[in-house]
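Since the structure comes first, as structure tokens, the remarks are kept for the end.
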Amino acid sequence: MAVKMLGLTGFLLALAALGGCGRSSPASSGPPVERGIFISSDDCAQFGKLSIEECGQLIDHAVALHQRLAPAYASLDACTAAEGKDRCANGIDSKYHPTVAAFLITFGDKPSAQPLYGVSDASPGFKGLDKTKYALGDKDYSVSDSAEAIARENAQGTKG
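See below:
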């Protein structure tokens, strides 16, 4: 009986292993979704994918995310130590938060947006709420001229 059970188990394991052979599911269902970094709804709309109203709604959502999820510091000194000089603002909760520098807009069937902040090193770019860095020159997303100027200005401010 134990031999039969082992034989059946071995057969089922082999069948499961072979079940994945021959066919594969498609890697993606279409072209990659475009993303861009912008500083305003007008800046976003000039990219030509969404109207200024749609961009504004997405940015409003990103600001709400910022208000809910951005790091909060008890003092300006604590915020400055973590985020860098001139990168903090007093929030509606009387705490200090990093200042939003730009927005990452994801286009597609369900467009979305998230706030971006200046990075604390001297590299021109941004970081997200999850600390993901968005460097200038990355081919995975577009960066508006205005957002690029902000990123470069922020990088210059960290060199001092």
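Here the sequence shown stands for residues 704 to 863, where the numbers follow my numbering. A virtual CB, placed ideally from N, CA and C, is assigned to each residue, including glycine. This structure is a prediction, so every number in the text was calculated from the model and none was measured.
{"Query": "Bridge partners - residue 740, DSSP secondary structure assignment", "Result": "807 and 846"}
{"Query": "Rounded C-alpha distance that separates residue 753 from residue 813", "Result": "12 Å"}
{"Query": "Helix, strand or coil at residue 794 [DSSP, three-state]", "Result": "coil"}
{"Query": "Distance CB(residue 761)-CB(residue 845) smaller than 9 Å", "Result": "no"}
{"Query": "For residue 821, three-class secondary structure by DSSP", "Result": "strand"}
{"Query": "Top-ranked residue by Cα proximity to residue 851, from 860, 806 and 839", "Result": "839"}
{"Query": "Proximity below 9 Å, CB of residue 818 to CB of residue 810", "Result": "no"}
{"Query": "Best match in 803, 857 and 860 for proximity to residue 831 [C-alpha to C-alpha]", "Result": "803"}
{"Query": "Cβ-Cβ distance between residue 758 and residue 748 below 9 Å", "Result": "yes"}
{"Query": "Distance CB(residue 746)-CB(residue 775) smaller than 9 Å", "Result": "no"}
{"Query": "Inter-residue CB distance, residue 790 and residue 828 (contact presumed, cutoff 8 Å)", "Result": "Contact flag wrong, Cβ pair sits at about 14 Å."}
{"Query": "Reduced DSSP secondary structure (H/G/I, E/B, other) of residue 787", "Result": "coil"}
{"Query": "Continuous beta strand (DSSP E) stretch holding residue 838: start and end", "Result": "836-838"}
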